[in-house]
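This report refers to the structure that appears directly beneath it.
In the numbering used here, the protein residues as written are 1340 to 1799.
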């Protein structure tokens, strides 16, 4: 049962209890209700919020929740909104799954961030405490970001610090870049399968999505050439290093060919470089940005993946008029990323703790990746792994033809395991049933137990 359904069930039972209580009478606390209904505090809080929305209870911070009345407000009628809003741009189902991470009791076998024990938490606490005492943490920075942070981020890309725009995480960078580089109604090409967040970003910008198949060496260049001719697209979205979900790395020859195609068609390449610091078997290739002096490549990076999901900081790096437009239009969204966050990022990236963290992280990810691949091979022989990734956080797996991935993922969720439905990684119909697994958020013991439960589901 989903959290929403469980919360509604609890709300219905509490509504019956409220009918027998006096106005102003206090309800039991969240902890007591959690024990009574065998539900998490978050689920009970959601149930109380539902009752509050109907005017049946009122919450008083520090005191508790009290009966407010028994008269139900009229059922809301939102039918007018559908006509006023027009056709939805963003796929709500895909969006819900992108941000859905279950409950604390779920085994996270599909989650794009690091487990808490893999994050440099002690260093972040220490650096954060020091940064909070700095006067710069509470002063405005330029809209493009603090000069020191821009200089640090530019170095790995051989970029001018003035070409760097600091943003609140890679996802904001994707939305901002697609909206700026392409006109609504124009085409954007993505490799297939691809990161669902990029698909949502393109939809949010009002762009028409077109996809080109990819293999273990990245996007198929001849098919990309055909699609550029057909659609006249001026934006191509790629993940050259450890693509989500397949783990593919764009091959050396294809890197040159992709840049040649961009130059020939006057197109931009959005390089989603989210996994730059997540190499396992060796280092990631240099950014595609470093091979392009003419401004065709616009790179997006993030610290939320290799450091902490709470460190919502990334950057967009772009040369020429495109970079000027990105930086000029920044103030339409916000005036700057929180200076405190920028100070923490500066402190982390310039500390001795950063290279130590990356070295430890590489070893831990290798162990968990291998444990996941071994568990799948041993326990679920019907699942085939086309390619074990050399970096990143995800493992892409194919099921036998005819398998219903939505049904499998729903059953897994009910069994306490989060796995990724492969259909959400395709713009159009998937060519076969796939699942996405992640090895950065679960321990070895959780991986073994999660795959065991999935095996039982597949056998049923």
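A virtual CB, placed ideally from N, CA and C, is assigned to each residue, including glycine.
Listed in chain order, the non-local C-beta contacts of residue 1506 below 7 Å within the same chain comprise 1512, 1515, 1653, 1654, 1655 and 1676, local neighbours out to five positions each way being set aside. Closest by C-alpha distance to residue 1565, out of 1757, 1528, 1473 and 1662, is 1528. One Cα belongs to residue 1569, the other to residue 1663, and the distance between them is close to 29 Å. The Cβ atoms of residue 1759 and residue 1774 sit closer than 8 Å to each other. When Cβ pairs closer than 8 Å are counted between the two stretches, the stretch 1455-1469 is seen to touch the stretch 1681-1695, the count reaching three or more.
Approximately 4 Å separates the beta-carbon atoms of residue 1696 and residue 1459; this is inside 8 Å, confirming the contact. Taking a C-beta distance under 8 Å as the contact criterion, residue 1611 and residue 1539 do not qualify as a contact pair. For residue 1674, the secondary structure class from DSSP, reduced to helix, strand or coil, is coil.
In this structure, the CA atom of residue 1369 is about 34 Å from the CA atom of residue 1462. Assigned with DSSP and collapsed to three states, residue 1365 falls in strand. Distance from residue 1640 to residue 1509 at the Cβ level is roughly 7 Å; contact confirmed, criterion being Cβ atoms closer than 8 Å. Contact between residue 1730 and residue 1614 holds: CB atoms are separated by about 6 Å, below the 8 Å threshold. For residue 1799, there is no enclosing beta strand (DSSP E), as DSSP marks it with neither H nor E. Rounded to whole angstroms, residue 1491 and residue 1543 show a C-alpha spacing of 31 Å.
For residue 1471, the enclosing alpha helix (DSSP H) starts and ends at 1460-1471.
Nearest to residue 1595 by alpha-carbon distance, out of 1670, 1551 and 1635, is 1635. In the three-state reduction of the DSSP assignment, residue 1693 falls in the helix class, which pools H, G and I. In this structure residue 1674 is exposed. Its beta-carbon is surrounded by fewer than 16 other beta-carbon atoms within 10 angstroms. Looking only at 1532, 1661 and 1385, the smallest Cα-Cα distance to residue 1521 is reached by 1661.
Residue 1489 has no beta-bridge partner at all, per DSSP. Judged by DSSP secondary structure, residue 1603 falls within the alpha helix (DSSP H) whose first and last residues are 1591-1604. Distances from the alpha-carbon of residue 1362 to those of 1395, 1382 and 1349 put 1395 closest.
In the structure shown, the three-state DSSP call for residue 1477 is helix. Judged by DSSP secondary structure, residue 1576 falls within the beta strand (DSSP E) whose first and last residues are 1574-1577.
Setting aside the 5 residues that flank it on each side, residue 1680 is surrounded in the same chain by 1652, each with a C-beta closer than 6 Å to its C-beta; the list follows chain order. Taking the Cβ atoms as the reference, residue 1726 lies roughly 5 Å from residue 1555, within the contact range of under 8 Å. Straight through space, the alpha carbons of residue 1777 and residue 1756 are spaced by roughly 12 Å. By the C-beta density criterion, residue 1417 is exposed, having fewer than 16 other C-beta atoms within 10 angstroms. Beyond the five residues adjoining it in sequence on each side, residue 1474 comes within less than 6 Å, by CB distance, of no other residue in the same chain. In this structure, the straight-line span from the alpha carbon of residue 1571 to that of residue 1604 is close to 8 Å. Residue environment: residue 1472 is assigned as exposed (fewer than 16 neighbouring CB atoms within 10 Å of its CB, all protein chains considered). Under DSSP, the beta-bridge partners assigned to residue 1776 are 1734. For residue 1644, the number of other beta carbons within 10 angstroms of its own is at least 16, and it is reported as buried.
Ranked by Cα distance from residue 1630, the options 1751, 1650, 1622 and 1601 are led by 1601. Secondary structure at residue 1608: strand, using DSSP grouped into helix, strand and coil.
Annotation for residue 1397: the continuous beta strand (DSSP E) segment containing it runs 1396-1399.
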